[in-house]
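Same order as they appear, the protein sequences are chains A and H.
Every number in our numbering is 209 more than the matching position in the first sequence, counting from 1.
Every number in our numbering is 209 more than the matching position in the second sequence, counting from 1.
The beta carbon of each residue, even a glycine, is placed where N, CA and C say it ideally should be.
All values derive from a computational prediction rather than experimental measurement.
Shown next, in structure tokens, is the structure this report addresses.
Protein chains: 2
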Amino acid sequence: MGAVVQLPGPVGGQFTGPVDVLLDIDLTGGRRQGIERALRAAIRDGRLVAGTPLPSTRALAADLGVARGTVVDAYDQLVAEGFLSARAGGRTVVAAAARRPAAPPSAPVSAAPQVDLTAGAPDLSSFPAHEWVSALRSVLRDGPADALDYVGPRGRPELHAALVDYLARARGVMAEPEQVVVFGGVDHAFAVVTRALAVTGRRTVAMEDPGLPFHRRIVADAGGEVVAVPVDEGGIDAAAVAVSDADAVIVTPARQAVLGATLAPGRRGDLVAWALASGAVVVEDDYDGELRYDRQPIGALQALDPERVLYVGTASKSLAPGLRLAWAVVPPALVGAVESVLPPHSPVSSLDQLVLADLIRGHVFDRHLRRARSAYRRRRDRFAAVLRDRAPAVQVEGVAAGLHALVRWPAGTAGEDEVLAEATARGIAVTAVGPMWHGPHHGADGLLVGYGRPPAHDVRRCFDAFADLMADMTPPRRP
Amino acid sequence: MGAVVQLPGPVGGQFTGPVDVLLDIDLTGGRRQGIERALRAAIRDGRLVAGTPLPSTRALAADLGVARGTVVDAYDQLVAEGFLSARAGGRTVVAAAARRPAAPPSAPVSAAPQVDLTAGAPDLSSFPAHEWVSALRSVLRDGPADALDYVGPRGRPELHAALVDYLARARGVMAEPEQVVVFGGVDHAFAVVTRALAVTGRRTVAMEDPGLPFHRRIVADAGGEVVAVPVDEGGIDAAAVAVSDADAVIVTPARQAVLGATLAPGRRGDLVAWALASGAVVVEDDYDGELRYDRQPIGALQALDPERVLYVGTASKSLAPGLRLAWAVVPPALVGAVESVLPPHSPVSSLDQLVLADLIRGHVFDRHLRRARSAYRRRRDRFAAVLRDRAPAVQVEGVAAGLHALVRWPAGTAGEDEVLAEATARGIAVTAVGPMWHGPHHGADGLLVGYGRPPAHDVRRCFDAFADLMADMTPPRRP
Numbered sequence: 210m211g212a213v214v215q216l217p218g219p220v221g222g223q224f225t226g227p228v229d230v231l232l233d234i235d236l237t238g239g240r241r242q243g244i245e246r247a248l249r250a251a252i253r254d255g256r257l258v259a260g261t262p263l264p265s266t267r268a269l270a271a272d273l274g275v276a277r278g279t280v281v282d283a284y285d286q287l288v289a290e291g292f293l294s295a296r297a298g299g300r301t302v303v304a305a306a307a308r309r310p311a312a313p314p315s316a317p318v319s320a321a322p323q324v325d326l327t328a329g330a331p332d333l334s335s336f337p338a339h340e341w342v343s344a345l346r347s348v349l350r351d352g353p354a355d356a357l358d359y360v361g362p363r364g365r366p367e368l369h370a371a372l373v374d375y376l377a378r379a380r381g382v383m384a385e386p387e388q389v390v391v392f393g394g395v396d397h398a399f400a401v402v403t404r405a406l407a408v409t410g411r412r413t414v415a416m417e418d419p420g421l422p423f424h425r426r427i428v429a430d431a432g433g434e435v436v437a438v439p440v441d442e443g444g445i446d447a448a449a450v451a452v453s454d455a456d457a458v459i460v461t462p463a464r465q466a467v468l469g470a471t472l473a474p475g476r477r478g479d480l481v482a483w484a485l486a487s488g489a490v491v492v493e494d495d496y497d498g499e500l501r502y503d504r505q506p507i508g509a510l511q512a513l514d515p516e517r518v519l520y521v522g523t524a525s526k527s528l529a530p531g532l533r534l535a536w537a538v539v540p541p542a543l544v545g546a547v548e549s550v551l552p553p554h555s556p557v558s559s560l561d562q563l564v565l566a567d568l569i570r571g572h573v574f575d576r577h578l579r580r581a582r583s584a585y586r587r588r589r590d591r592f593a594a595v596l597r598d599r600a601p602a603v604q605v606e607g608v609a610a611g612l613h614a615l616v617r618w619p620a621g622t623a624g625e626d627e628v629l630a631e632a633t634a635r636g637i638a639v640t641a642v643g644p645m646w647h648g649p650h651h652g653a654d655g656l657l658v659g660y661g662r663p664p665a666h667d668v669r670r671c672f673d674a675f676a677d678l679m680a681d682m683t684p685p686r687r688p
Numbered sequence: 210m211g212a213v214v215q216l217p218g219p220v221g222g223q224f225t226g227p228v229d230v231l232l233d234i235d236l237t238g239g240r241r242q243g244i245e246r247a248l249r250a251a252i253r254d255g256r257l258v259a260g261t262p263l264p265s266t267r268a269l270a271a272d273l274g275v276a277r278g279t280v281v282d283a284y285d286q287l288v289a290e291g292f293l294s295a296r297a298g299g300r301t302v303v304a305a306a307a308r309r310p311a312a313p314p315s316a317p318v319s320a321a322p323q324v325d326l327t328a329g330a331p332d333l334s335s336f337p338a339h340e341w342v343s344a345l346r347s348v349l350r351d352g353p354a355d356a357l358d359y360v361g362p363r364g365r366p367e368l369h370a371a372l373v374d375y376l377a378r379a380r381g382v383m384a385e386p387e388q389v390v391v392f393g394g395v396d397h398a399f400a401v402v403t404r405a406l407a408v409t410g411r412r413t414v415a416m417e418d419p420g421l422p423f424h425r426r427i428v429a430d431a432g433g434e435v436v437a438v439p440v441d442e443g444g445i446d447a448a449a450v451a452v453s454d455a456d457a458v459i460v461t462p463a464r465q466a467v468l469g470a471t472l473a474p475g476r477r478g479d480l481v482a483w484a485l486a487s488g489a490v491v492v493e494d495d496y497d498g499e500l501r502y503d504r505q506p507i508g509a510l511q512a513l514d515p516e517r518v519l520y521v522g523t524a525s526k527s528l529a530p531g532l533r534l535a536w537a538v539v540p541p542a543l544v545g546a547v548e549s550v551l552p553p554h555s556p557v558s559s560l561d562q563l564v565l566a567d568l569i570r571g572h573v574f575d576r577h578l579r580r581a582r583s584a585y586r587r588r589r590d591r592f593a594a595v596l597r598d599r600a601p602a603v604q605v606e607g608v609a610a611g612l613h614a615l616v617r618w619p620a621g622t623a624g625e626d627e628v629l630a631e632a633t634a635r636g637i638a639v640t641a642v643g644p645m646w647h648g649p650h651h652g653a654d655g656l657l658v659g660y661g662r663p664p665a666h667d668v669r670r671c672f673d674a675f676a677d678l679m680a681d682m683t684p685p686r687r688p
């Protein structure tokens, strides 16, 4: 139903004398609500501008054929909401103009690739969904009384305790529960740690070159100045760190994020010696330290000097990135600085924290890791074998641990961009190495291939597709 | 088993000539692991300091009665971890000193009160646990393929869409999905919004006085300068905001967080007019806008001017604070600034976001809110009645909406601190009003009482205990 209401006021922005404004009033769902909706819409659209006097409640009620009280209630509601205001003499006018917001440009939507081998995630289909759900049910049924209440800045004590035990057992990390902080992923951890270091006057952060570009962005956004330090087959160049003006360094000792190297023993000692001598802090990103295949995992660097090394771990590789669960073990001297930049309440779900604590305590987490380790080892071997067979010129590096490989091929053949373009054309998604370098690309061509990512049932197809790509882009045999 | 190993080096920090160091070696769980553990411990404790030469593998193997290969493997592992280093000539020495960190002072543990009436949380026992768990199960079974993958900076699109519909329906909020950002609670939202406003040059944030102190702390920690603006029975003094040098204001229009007032219609218009004229931003904290008892909910201030009002909502009152789920609808012109301070990945669990979207789409959330609204209305009436009966001099204010009341009593009787001390002595936890004031307390004595918090079965006992307290602290009748 629509009602033509004569409005004697400025309409549509400028004064035009008395005009008719069509209020399209839909009375389904209540007459009064219908009147309110119609007036709100007219005011937002600018059909009724500020100052426009409304018809008297009697007149509008008559026009609409509704009880006058209904119109009075509608006007009152809109007055309470600030759309209308009641003038002395009982006249009701439009109180403020409301405009519909223009939608911001939406991000371009890209179609999902048929073969997703991007680095950074495990096989999501291997997530222990049943165990997670039943742990959640038991937390909600038998968990602490405050399981659903606010969480303190550092997170749930149950998870602190479980992590202290687990990290000591699995990674050699030495921690007291008071040193543990729970984060919503490593992004969140790096941002908070960077701010905390700034609080202590440490603003220059050395980072691995090549390294993950979004780590650099997070540190820079949080106010840190990033210094690039070269990485080779022994990991980060500790001597270069020592002579830089950095007062902190973020390293990936268990498996360098891009080249896959393990930080060399001597350099481990050199880093903590530098930290001890200069008062700097070493931030250890142990993102996939649990997933080592060919030998016993190397213990965390943190164990060498818990006073100087801030340890960061995550469930993104061991369980799933979508959980957004990470943790840090903060040197005692820095706990205060970290707490000073944490909000009063942890942003991480109390339930999720209790579920993870439950899975760790019940050794479900360890069992899952053992299964994952052998599954990914088999995958990695198959991946290397398929490439050896079909694209013998290709080298597969950095596969002693983790979920992705650095794939390289002889110089003088196809370039990195060429291979990436062809991959995209074939619906194969891999991770470019170019952006991993600080500044311009200054290393051999390569790709990061997340062999860990495809669901188990689809591994063969994905590996074959990638091997065919590389076979077509590289010489038939190693030069 | 223990083995006394003669070590010819500096031990315990200073050179003392050859001494015996007891390596307490526990071989359960593997001989090699036992040797590694014992050496790590000795190095960490400082019993073995840097440079200390270790016995030859042959000698230690003989001392321990194990195969020499076992000792060789143990030394190799500790060299790889950086605890030992292999010198030319085959001598192995302690490579770096590791010290056990001193535990930082742990927070004092306070016993839970027998009667918890603190403000800020709903009845946690009313959480729809069954619905939440089954929604999670269906998300894991039938949800999007990337349900467990990384989440973009603003959160899951499914939740953006669900919130746009819900907020338009329930709160009159006008939004496009591109304007919605998911946060890990309101703390997180305020911190990000403050940083985003700073990016746009807006650093001075007006806040309600009285208001929640931790909101002020979050804004200040995020780099905002806080300006106190008085609040009265009409909500924040919009005229005072307009004459301040603030370029943003955080308000609680639906129900002022402390006094419980609804922002007066005229002041709503004045705030958006000020924002329009001065380029300032109004941040609307709609923390419990859904829980209104005596009349139809007042629509969100955001609807008055979606270009100038940044809307913040939360699941902390409608579901539970422990979920750490909040959301913002950002004016189109500010979306870029907000995105510029967000990390690459949302810190909020992808699963939790999908579950909430599912509950909203399936109207489970609305049903829960309807049940909650009538339950809390009954509670509120009982709370007021119990106090009327037993402590007639007490006024119960700000109960038209929300989960807590402002309880006041005649001046000249017991002071706020006195009542709080007696409450604590009786094991009754309530929320002090004193800290809500910017600077020194400059209002009438009062307490915030979270009548919504006790579990349903315990409401009577909790209300009686509080009424008895107030009866003992106030005159038998209103003066």
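Could you pull out every residue in the same chain whose Cβ sits closer than 6 Å to the Cβ of residue i, ignoring the five residues on either side in sequence?
i               : result
P422 of chain A : P644
A535 of chain H : F392, G394, V395, A398 and T523
A431 of chain H : A400, T403 and R404
P515 of chain A : M383
V467 of chain H : P419 and M645
P530 of chain A : A330
A371 of chain A : A566, I569 and R570
Could you check how far apart the C-beta atoms of residue i and residue j are, in whole angstroms? I think they sit under 8 Å.
i               : j               : result
L510 of chain A : R477 of chain A : 6 Å
R240 of chain H : T279 of chain H : 5 Å
L655 of chain H : E625 of chain H : For clarity, residue 655 of chain H is Gly in the given sequence; the question names Leu instead. That pair is a contact at about 7 Å.
Which residues in chain A have a C-beta closer than 7 Å to the C-beta of residue i? List them in chain order.
i               : result
P619 of chain H : Under the 7 Å cutoff, chain A gives no residues; its nearest Cβ is about 32 Å from P619 of chain H.
Would you verify that the beta carbon of residue i is, or is not, closer than 7 Å to some beta carbon of chain H?
i               : result
Y660 of chain A : no
G607 of chain A : no
G531 of chain A : yes
H613 of chain A : no
V668 of chain A : no
S559 of chain A : yes
L519 of chain A : no
With a threshold of 7 Å between beta-carbons, can residue i be considered close to chain A, or not?
i               : result
G393 of chain H : yes
R346 of chain H : yes
P310 of chain H : Caution applies to P310 of chain H, whose pLDDT of 43 falls short of 50 and renders its modelled position unreliable; the model cannot decide the point.
I427 of chain H : yes
H554 of chain H : yes
A400 of chain H : yes
V342 of chain H : yes
Taking Cβ-Cβ distances shorter than 8 Å, what residues in chain A pair up with residue i?
i               : result
E290 of chain H : G381, P474, R477, I507, G508, A512 and L513
A330 of chain H : D358 and Y359
H397 of chain H : P552 and P556
Apart from the five residues on each side of it in sequence, which residues of its chain come closer than 7 Å, Cβ to Cβ, to residue i?
i               : result
P439 of chain A : D418, D446 and A449
T266 of chain H : R277, V280, V281 and Y284
Mind pulling the chain A residues with CB within less than 9 Å of residue i?
i               : result
A732 of chain H : What is shown of chain H runs 210 to 688, which leaves residue 732 of chain H out entirely.
Could you name the residues of the same chain whose beta carbon sits closer than 8 Å to that of residue i, not counting the 5 residues immediately before and after it, in chain order?
i               : result
A546 of chain A : A405, L406, V408 and T409
So which residues on chain H does residue i lean against when the C-beta distance must stay under 7 Å?
i               : result
F336 of chain A : L357
Is there a Cβ from chain C that is less than 7 Å from the Cβ of residue i?
i               : result
F672 of chain A : In summary, chain C is missing from the structure at hand, where the protein chains are A and H.
For residue i, go through chain H and note every residue whose CB falls closer than 8 Å to its CB, in chain order.
i               : result
V550 of chain A : D430
F574 of chain A : Ordered by position in chain H, no residue passes the 8 Å Cβ test against F574 of chain A, which lies about 16 Å from the chain.
- Say whether the region 482 to 494 of chain A touches the region 588 to 600 of chain A, bearing in mind that this needs 3 or more beta-carbon pairs closer than 8 Å, one atom from each stretch. By the C-beta criterion, the region 482 to 494 of chain A is judged not to be in contact with the region 588 to 600 of chain A, since fewer than 3 inter-stretch pairs fall below 8 Å.
- Three or more C-beta pairs closer than 8 Å, one from the region 660 to 670 of chain H and one from the region 353 to 362 of chain H: is that the case here? Contact between the region 660 to 670 of chain H and the region 353 to 362 of chain H is absent, because fewer than three Cβ pairs lie under 8 Å.
- Should the region 361 to 372 of chain A be regarded as contacting the region 489 to 507 of chain A, the criterion being three or more beta carbon pairs within less than 8 Å? When Cβ pairs closer than 8 Å are counted between the two stretches, the region 361 to 372 of chain A is seen not to touch the region 489 to 507 of chain A, the count staying below three.
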